[in-house]
Every structure is written in C-alpha cells, then in structure tokens.
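**Q** If you're matching them up, the sequences are chains A and B in order. Anchor point for the first sequence: position 140 equals 140 in the numbering used here, and the numbering is continuous, going up by one each time. Just add 198 to the spot in the second sequence (first one is 1) and you have the numbering used here. From the three backbone atoms N, C-alpha and C, an ideal C-beta is built for every residue, glycine too.
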Amino acid sequence: MNRKWMVWIVAPVLLTVLYGCPKKKPQTPPQDLEVDTTTVTPPAPTTTTDVPATTTPTPVEDETEDPLLSADMQVVNDELRRRGFSPDVYFEYDEDSLSDETRERLARNADLLKSSAQLTVTIEGHADERGTNEYNLALGDRRANAVRDYLTSLGVDGNRLRTLSYGEERPVCTNVDESCWSQNRRAHMVITGRANVG
Amino acid sequence: MRSRAIYLAAASLLLALGLMLPRIFAQEPPATPPQQQPPDVTIELRGGQRQFRLAIPPFRVAGVSGDAAQTTREIEQVVRQDLVNSGHFIIQGPEELRALTLSGDVQRDLEAYRSVGSEAVLTADLRAEGDRIVLEGRLFDIASGQAILAKRYRGTFPVGRRIAHTFADEVIRFLIGVPGISLSSIAFTSDRTGQKEIFTMDYDGQNQRRVTGHRSTSMSPSWSPGGGEIAYTSFFNGPPGIYIADLASGRKQPVVTSGSLNTTPTFSPDGGRVAFARSVDGNVEIFVADRKGGNLRRLTHSNAIDTNPAWSPKGGEIAFTSGRAGNPHIYLMDAEGANQRRLSFDGTYNDGASWSPSGDLITFTSRRDGRFQIVVMNVVTLASRVLTSGAGENESPTFSPDGRKIAYVSRRSGRKQIYVMDLDGGNTRQITSEGNNDMPDWSRLASEQ
Numbered sequence: 001m002n003r004k005w006m007v008w009i010v011a012p013v014l015l016t017v018l019y020g021c022p023k024k025k026p027q028t029p030p031q032d033l034e035v036d037t038t039t040v041t042p043p044a045p046t047t048t049t050d051v052p053a054t055t056t057p058t059p060v061e062d063e064t065e066d067p068l069l070s071a072d073m074q075v076v077n078d079e080l081r082r083r084g085f086s087p088d089v090y091f092e093y094d095e096d097s098l099s100d101e102t103r104e105r106l107a108r109n110a111d112l113l114k115s116s117a118q119l120t121v122t123i124e125g126h127a128d129e130r131g132t133n134e135y136n137l138a139l140g141d142r143r144a145n146a147v148r149d150y151l152t153s154l155g156v157d158g159n160r161l162r163t164l165s166y167g168e169e170r171p172v173c174t175n176v177d178e179s180c181w182s183q184n185r186r187a188h189m190v191i192t193g194r195a196n197v198g
Numbered sequence: 199m200r201s202r203a204i205y206l207a208a209a210s211l212l213l214a215l216g217l218m219l220p221r222i223f224a225q226e227p228p229a230t231p232p233q234q235q236p237p238d239v240t241i242e243l244r245g246g247q248r249q250f251r252l253a254i255p256p257f258r259v260a261g262v263s264g265d266a267a268q269t270t271r272e273i274e275q276v277v278r279q280d281l282v283n284s285g286h287f288i289i290q291g292p293e294e295l296r297a298l299t300l301s302g303d304v305q306r307d308l309e310a311y312r313s314v315g316s317e318a319v320l321t322a323d324l325r326a327e328g329d330r331i332v333l334e335g336r337l338f339d340i341a342s343g344q345a346i347l348a349k350r351y352r353g354t355f356p357v358g359r360r361i362a363h364t365f366a367d368e369v370i371r372f373l374i375g376v377p378g379i380s381l382s383s384i385a386f387t388s389d390r391t392g393q394k395e396i397f398t399m400d401y402d403g404q405n406q407r408r409v410t411g412h413r414s415t416s417m418s419p420s421w422s423p424g425g426g427e428i429a430y431t432s433f434f435n436g437p438p439g440i441y442i443a444d445l446a447s448g449r450k451q452p453v454v455t456s457g458s459l460n461t462t463p464t465f466s467p468d469g470g471r472v473a474f475a476r477s478v479d480g481n482v483e484i485f486v487a488d489r490k491g492g493n494l495r496r497l498t499h500s501n502a503i504d505t506n507p508a509w510s511p512k513g514g515e516i517a518f519t520s521g522r523a524g525n526p527h528i529y530l531m532d533a534e535g536a537n538q539r540r541l542s543f544d545g546t547y548n549d550g551a552s553w554s555p556s557g558d559l560i561t562f563t564s565r566r567d568g569r570f571q572i573v574v575m576n577v578v579t580l581a582s583r584v585l586t587s588g589a590g591e592n593e594s595p596t597f598s599p600d601g602r603k604i605a606y607v608s609r610r611s612g613r614k615q616i617y618v619m620d621l622d623g624g625n626t627r628q629i630t631s632e633g634n635n636d637m638p639d640w641s642r643l644a645s646e647q
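The following block contains the structure:
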C-alpha cells in the first residue's frame, strides 16, 4: 500500500510538536484540507522519522470533573472499579464466611469508600441454584450482611450500606456445573446513590 | 442409634401385621388386582387402603350438539378422571363393562354388575337447557339394588369442569366418607411471562391463571385457610416484602415490607396472622404479625438462619428450617416460639416443611446422597420415608387437602415442573408444562365455595 501521502499528515504533526502549537487551536488537520493523491506527486522523502506513540496528545482532563461526582451511577461504578474496587466477592457452597482473599478485596473497597464518603452502596447477596429458593434467599441475606459487617469493622459508615438478598433468583451464569455455580455464590456491591454526608 | 433400631423393629412388625390383616379380614375374591406397595405403616394412608369397585357405564347424552356436545364429553371425562385420581376406586368403565349385556336399567342389570364384582354403579344423564348444561347423576348400591344418591347440577358451558368436579367430590364424600379434592387449587410460581409471577390452577393442572402482574420476582405463595387469598413474597418494591392477594378482587395488600428481607409467609389456621422469615441484625429469623403487619413479634433467636415457617393445621405449632446445627434441618416450635426442637436428622439439607391436613405428618425436601428428594415424616415418632428417587432435584412438596397426595417440583424433564404423586410415592403425574413452574402450595378447602 502506498503510504506516501502520509507525509502530509506526519509533517504538520512533527512541526507542531517541534515548534509548539498556538493555544486553543485544534490539533488535528483542518477538516477542509484536501489530499489529492491523484494529481499531486509529492517528492519521495529522504529520511524516515519514527513517531513515538506519546506524540499523540492525550486529552487534557478537566480538573474540576471527578467521575466519582457524576450523577450517572454507571460512571461512578466504572470509575471506582478502575481505581481497584471489587464489585464481587465469592463464597463457598452453603457458606457465608469470608476468605482471606475476600477480606483483602474488601479492605481495598473499604479504603475507596472511606475516601469518597458520600457514596452509598447496596450489597446484594446471591446463591447458586442448588438448595431451595427459600433457604438460598436467607443465605444471600447472610452473605450480604457478612460483607456489610466487615466493611463497617474497617470503618465504613454502616448507614451508607444497604443489603438486599436475591438468593438464587438473579444468577449471572446459568449452566449446571461448578464453574457456573461458583460465580453465582457472591456478594455484589453496587454504588446506588449519594448520601448527604461530608 | 438405639431408638432408631427400636422404631425399625416396631415398624417391621407392624408392616408384617399390616400385610396379614387384609388376608384375615378379606371378603373380596382372591383375584384382586395387585395393590400398590404398602406404605411404611408409620405413615398410614387415611381413609383406609381398600379401593371401592365402582362401575361407570357411558353417560347418557340427550339432544345436544356443538358446544354443548363438547361440554358433555368433557364432563364425562372429568368425572371419571377425578374418581380415578382420588385413588379410592377401582373404576369399571366402558372397556371393563363391554363383555356384559346391559339393558341400561341398573335395577335389571344387577346380576351382570355382580358378576364383575361391582359394589356400586354411577349413572349420569346430560342434556342442554338453552345455554346451560344439566347433569343428573345417580349412585346405585349393587347389594341392595337401591338408588342411594341422586343429584342434579346445572350451569353454563364454561363451568362444565366445575360441574364435573362438584359431582365427583359428592360421590367420594357419599361412598367413602371423606371430602374429595377435585375442587381444590394449587398456587405456584411460573416464569412463563418472562418473570416470576404467582399463578393458580385446578388440582389437575387445568385452568391456570396468573394472580400477580408485578413484572418482578414474586414467590413463595401460601393459601389462606379459606382459599380466598394468597400470601406471597415479592421484590417489586425493592427489598422483598410480604403481600396478600385477594383472589376475588385482585387487590394486593402489604403485610410487612420494612427492612431488607421478608419472605416465606404462612397463614395461621384462623387466617388472622402470618408467620414469616425476616432479616434482623444480619440474620434471618422467624416472626409473626397480624394480617396488616401489626403486632410484629419475633419467635426465634438463633445465630443461624431460621426460615420457611409452616403453621400446623391445628395452630399450636410451627415447623421451620434452621441452620443452627450447621446444615439446614427441620425444627418444630410452639406457635409462641417456645419448645424449639429438631425433627430431621437424616440427609445433609432439609427445608420446606409442609403439613398434612390432619397434622400428624410433614413432607419436606431432603438431600440424600447428593440429590434432593421428597421425604414424609411422622412428627411424633419421627419415622420417615423417602418418596422419590433418582435425579431431577425433587423439591417443594405440599400435601393435598385430603392428605393422600403430594404435589412437588422436579427438574427430571429439564425445566422445573409440578408433579403430583400418591403418598406412597406412586402414581406420579406431571401437571404443568409451560415455562418453569415452582413452589406449589395446595389449598386447604375447595376455593371459591
């Protein structure tokens, strides 16, 4: 593929990088620039310049817009996750005790929640399909409360945490095997709103 | 356990006696058809084991056509099926009676009926009166040759099945002396609309109707003692709450909706109160409240899950499930919460107790050898018997109002469906097929009476 036309794009970018660009000007070529490769034969370049990836300017973040302050809870959940929040922790069959790994994840979650004290969390308790729907609803409640109790023991204000058991009614995976069941035995933490706190 | 061994020995002895008794007292000809396997004697079937030989020649139908003819065929089929389903009869239908020469006048055909061992004959005449069907049913005693029952029913074509059920239950009550179940209903959950809603159906799986339209998850239906209401759990308002649906008006009333979890309601036998499971301080415990959620009172105080209460038919006790011994097991307590004691010791997971109408038996789900099965247990002797076997995750049993059958859920055909079996585990019929159907609860009295 003939890439000679690229020089018309690369060259201005290089010039911009080397000599700076005027403020408030868009950094992309003007929209009305026409590159007519059929009528113009550019001279063959004599040297090749590798353009490092960092040359592509990253968008400047608006410093006043913290995604955790977004009104869109999806944005808030995504941002917390990006910062290391674990939305799910998992349990053994018919158990509501927290493993060491789960405690580590919840400790990270607790730190994140304490540093954004206005967020409220719903902790959903889920169970796999084995056993009765009724007992699994109670089991999901205990799982959600085990997570809630651990988070409050780490200093998260319990008033920000709400529990809700779905038992086996909302599986994330529906195959009939352990690989699926283990995904369904979980507590799922989701940011649902913002309290009028600090 | 020594006491277990004694029970087994006693049970064996009684079983042997039970097998001999019919021989000693039998007046039947020896060529009786093979009886079903006798149930564990500690779990006696009520109303006796002996089946009544009832001849039913073809119904006589006069002057009907079109819809009326269709309705008369349905009525005949339903009456026969109800009587077969009851388990009280050996029905001698047109096939069995074919060899006989019958005049149609029972009093002149007595010898013929006696020759095949009939004890009674059921005749029925069907005719149309405008847009209504009239059924005249009669019973004749073969020994005396006398007509012993005559009943007339009349109703529009759409209530044909109800006419048939009403007559069949009358026949059962008259000949056997126990109430029939043909007019009873089963409440259940179904996901056929895409979400779990509460439904009802006739005892034979016909006439399925949706009760809730919350478009959420609604579950754990439980009949009121009078059959006019169903208490249930629903997520439609966020955290699961307890509601009561009035079937006649369709109105739904909240009972208890505060807190993070309220589930598995069961009515007191007088209909005035509801026991249920509720999350408090991070654990699920059993509470009782009146119908509008007032006078909320806690009955259990364990550190483990306590859930799924079932109020005994006489009202004095509540069976429930508790994880306090490490695994879920069935427990019993007084209705005030005192005297809590464990009933189930076999199996590693027992839940979902349902009482027999007489209050001497419970049935529940039990995991045996890694599979969920239906178990029936005598609450006094604690003798128990596993009624199902094999794969299929058999769950959620509920007693019929005559105590002779159990409806339950199985996955044996792939999806969850509701089945009905006799109390000895035999004679199993599937009665649902659309979507997944779960959590059956059999009404206590014939509804809409």
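What does DSSP give as the partner residues of P463 of chain B in its beta bridges?
**A** For the purposes of this step, residue 463 of chain B is identified with residue 265 of the second sequence, where counting begins at 1. Per DSSP, none; premise fails for P463 of chain B.
**Q** Below 9 angstroms between beta carbons: does that hold for T461 of chain B and P438 of chain B?
**A** For the purposes of this step, residue 461 of chain B is taken as residue 263 along the second sequence, with counting starting at 1. For the purposes of this step, residue 438 of chain B is taken as residue 240 along the second sequence, with counting starting at 1. Yes; because the gap between Cβ atoms is below 9 angstroms, this pair is in contact.
**Q** Determine whether the Cβ of E134 of chain A lies closer than 9 angstroms to any Cβ atom of chain B.
**A** Taking the first sequence and counting its residues from 1, the one referred to as residue 134 of chain A is at position 134. Chain B contact via Cβ: present.
**Q** In terms of DSSP beta bridges, what is D532 of chain B paired with?
**A** In the second sequence, residue 532 of chain B corresponds to position 334, counting from 1. The partner list for D532 of chain B (beta bridge, DSSP) reads B:E515.
**Q** Starting from T387 of chain B, trace the beta strand (DSSP E) both ways and give me its first and last residue.
**A** Numbered from its first residue, the second sequence carries residue 387 of chain B at position 189. That run of the beta strand (DSSP E) goes 383-388.
**Q** Taking a contact to mean a Cβ-Cβ separation below 9 angstroms, would you say G158 of chain A touches R143 of chain A in this structure?
**A** In the first sequence, the residue the question calls residue 158 of chain A occupies position 158. In the first sequence, the residue the question calls residue 143 of chain A occupies position 143. Contact: no.
**Q** With a threshold of 16 other CB atoms inside 10 Å of the CB of H126 of chain A, please say whether the residue is buried or exposed.
**A** One-based indexing of the first sequence puts residue 126 of chain A at position 126. That one is buried.
**Q** Can you tell me the Cα-Cα spacing of T626 of chain B and V259 of chain B, whole angstroms?
**A** Counting from one through the second sequence, the residue named residue 626 of chain B turns up at place 428. Counting from one through the second sequence, the residue named residue 259 of chain B turns up at place 61. Note on geometry: alpha-carbon atoms of T626 of chain B and V259 of chain B lie some 32 angstroms from one another.
**Q** Going by beta carbon distance, what residues of the same chain come within less than 7 angstroms of S99 of chain A, once the five residues before and after it are set aside?
**A** The residue given as residue 99 of chain A occupies position 99 in the first sequence. Result list for S99 of chain A: empty, nothing under 7 angstroms.
**Q** Output the distance between the C-alpha atoms of A551 of chain B and E274 of chain B, rounded to the nearest integer angstrom.
**A** The residue you call residue 551 of chain B lines up with position 353 of the second sequence. The residue you call residue 274 of chain B lines up with position 76 of the second sequence. Rounded to whole angstroms, A551 of chain B and E274 of chain B show a C-alpha spacing of 37 angstroms.
**Q** The beta strand (DSSP E) with V419 of chain B in it runs from where to where?
**A** Stepping through the second sequence from its first residue, residue 419 of chain B is reached at position 221. Note that residue 419 of chain B is Pro in the sequence shown here, rather than Val. First-last of the beta strand (DSSP E) with P419 of chain B: 416-421.
**Q** If we require 4 or more residues per run, which alpha helix (DSSP H) segments fall completely within the segment 327-404 of chain B?
**A** 358-374
**Q** With a threshold of 9 angstroms between beta carbons, is Y150 of chain A in contact with chain B?
**A** Residue numbering aside, residue 150 of chain A sits at position 150 when the first sequence is read from its first letter. No, because no Cβ of chain B sits closer than 9 angstroms to the Cβ of Y150 of chain A.
**Q** How would you list, in chain order, the residues of chain A whose beta-carbon sits under 8 angstroms from the beta-carbon of P437 of chain B?
**A** Here residue 437 of chain B is taken as the residue at index 239 of the second sequence, counted from 1. Within 8 angstroms Cβ-Cβ: L164.
**Q** Less than 8 angstroms between the CB atoms is what I'm expecting for F397 of chain B and A266 of chain B, so what's the real figure, rounded?
**A** Residue mapping note: residue 397 of chain B aligns to position 199 of the second sequence, counting from 1. Residue mapping note: residue 266 of chain B aligns to position 68 of the second sequence, counting from 1. Rounded, the Cβ-Cβ distance is 30 angstroms, inconsistent with contact.
**Q** Of the residues that make up the segment 164-189 of chain A, which ones have a beta carbon closer than 7 angstroms to any beta carbon in chain B?
**A** Cβ contacts with chain B: L164, S165, E169.
**Q** Is the separation between the beta-carbon of V121 of chain A and that of L69 of chain A shorter than 9 angstroms?
**A** Stepping through the first sequence from its first residue, residue 121 of chain A is reached at position 121. Stepping through the first sequence from its first residue, residue 69 of chain A is reached at position 69. Contact flag unset, no.
**Q** Can you check whether the C-beta of G535 of chain B is within less than 9 angstroms of a C-beta belonging to chain A?
**A** Here residue 535 of chain B refers to the residue found at position 337 when the second sequence is read from its first residue. Interface annotation, G535 of chain B: not in contact with chain A, CB-CB separation never under 9 angstroms.
**Q** Have a look at S510 of chain B and P423 of chain B and give me their C-alpha separation to the nearest angstrom.
**A** Translated into positions along the second sequence, residue 510 of chain B becomes position 312. Translated into positions along the second sequence, residue 423 of chain B becomes position 225. Taking the straight line from one Cα to the other gives about 11 angstroms.
**Q** Return no unless some Cβ of chain A is closer than 9 angstroms to the Cβ of A318 of chain B.
**A** Here the question's residue 318 of chain B lines up with position 120 in the second sequence. No, A318 of chain B does not count as interfacial toward chain A.
**Q** Whose C-alpha, out of B:S542, B:N548, B:E427, B:R522, is nearest the C-alpha of R489 of chain B?
**A** Translated into positions along the second sequence, residue 489 of chain B becomes position 291. Closest option to R489 of chain B, judged by alpha-carbon separation, among B:S542, B:N548, B:E427, B:R522: B:E427.
**Q** Would you call the CB atoms of G335 of chain B and A322 of chain B closer than 9 angstroms?
**A** Locating residue 335 of chain B in the second sequence gives position 137, counting from the first residue. Locating residue 322 of chain B in the second sequence gives position 124, counting from the first residue. Contact flag set, yes.
**Q** If I follow the unbroken beta strand (DSSP E) through N267 of chain B, where does it start and stop?
**A** As a first step, residue 267 of chain B is located in the second sequence; it is residue number 69 there, counting from the start. This sequence places Ala at residue 267 of chain B; Asn is not what is there. Looking at the DSSP string, A267 of chain B is not in any beta strand (DSSP E); the run it does join, the alpha helix (DSSP H), is 264-284.
**Q** Confirm the yes/no value for this check: CB of V577 of chain B, any heavy atom of the ligand FAD, distance under 8 angstroms.
**A** As presented, the structure is devoid of all ligands, the ligand FAD included, so that no description of it is given.
**Q** Say whether chain A places a C-beta atom closer than 9 angstroms to the C-beta of T579 of chain B.
**A** Counting from 1 along the second sequence, the entry for residue 579 of chain B is found at position 381. Contact with chain A is absent for T579 of chain B, since none of that chain's Cβ atoms lies less than 9 angstroms from the residue's Cβ.
**Q** What separation, rounded to the nearest whole angstrom, lies between the Cα atoms of C21 of chain A and E65 of chain A?
**A** The sequence position of residue 21 of chain A within the first sequence is 21, counting from 1. The sequence position of residue 65 of chain A within the first sequence is 65, counting from 1. Below a pLDDT of 50, predicted positions are generally treated as unreliable, and C21 of chain A, at 47, falls in that range; no measurement from the model is reported.
**Q** Flag this pair as touching only if the segment 410-420 of chain B and the segment 285-293 of chain B have three or more C-beta atom pairs under 8 angstroms; answer yes or no.
**A** no
**Q** Please decide whether T415 of chain B counts as near chain A, where near means a Cβ-Cβ distance under 9 angstroms.
**A** Mapped onto the second sequence, residue 415 of chain B falls at position 217. It does; some Cβ of chain A falls within 9 angstroms.
**Q** Below 9 angstroms between beta carbons: does that hold for F91 of chain A and M189 of chain A?
**A** Along the first sequence, read from residue 1 onward, the residue named residue 91 of chain A stands at position 91. Along the first sequence, read from residue 1 onward, the residue named residue 189 of chain A stands at position 189. No. Outside cutoff.
**Q** Mind checking who D600 of chain B pairs with in its DSSP beta bridge?
**A** Counting from one through the second sequence, the residue named residue 600 of chain B turns up at place 402. Note: D600 of chain B sits in no beta bridge, so no partner.
**Q** Tell me which residues share the same chain as R390 of chain B and place their Cβ nearer than 6 angstroms to its Cβ, disregarding the 5 neighbours each side in the sequence.
**A** For this step, residue 390 of chain B is matched to residue 192 along the second sequence. E632, G633, listed in sequence order.
**Q** According to DSSP, is R495 of chain B part of a helix, a strand, or is it coil?
**A** Along the second sequence, read from residue 1 onward, the residue named residue 495 of chain B stands at position 297. Strand.
**Q** When you compare the CB of K24 of chain A with every CB in chain B, is at least one pair closer than 9 angstroms?
**A** Counted from its first residue, the first sequence places residue 24 of chain A at position 24. Its pLDDT being 47, under 50, K24 of chain A is placed unreliably in this model, and the value from its coordinates should be taken loosely. So no, K24 of chain A is outside the interface.
**Q** Output needed in chain order: residues of the segment 455-472 of chain B with a Cβ under 7 angstroms from some Cβ in chain A.
**A** S458, L459, T461, T462
**Q** Mind checking which residues open and close the alpha helix (DSSP H) that includes S179 of chain A?
**A** The residue labelled residue 179 of chain A in the question sits at position 179 within the first sequence. S179 of chain A -> alpha helix (DSSP H) spans 178-184.
**Q** Could you please give the first and the last residue of the uninterrupted beta strand (DSSP E) stretch that includes R522 of chain B?
**A** The residue labelled residue 522 of chain B in the question sits at position 324 within the second sequence. It is not in any beta strand (DSSP E) - R522 of chain B carries neither H nor E in the DSSP assignment.
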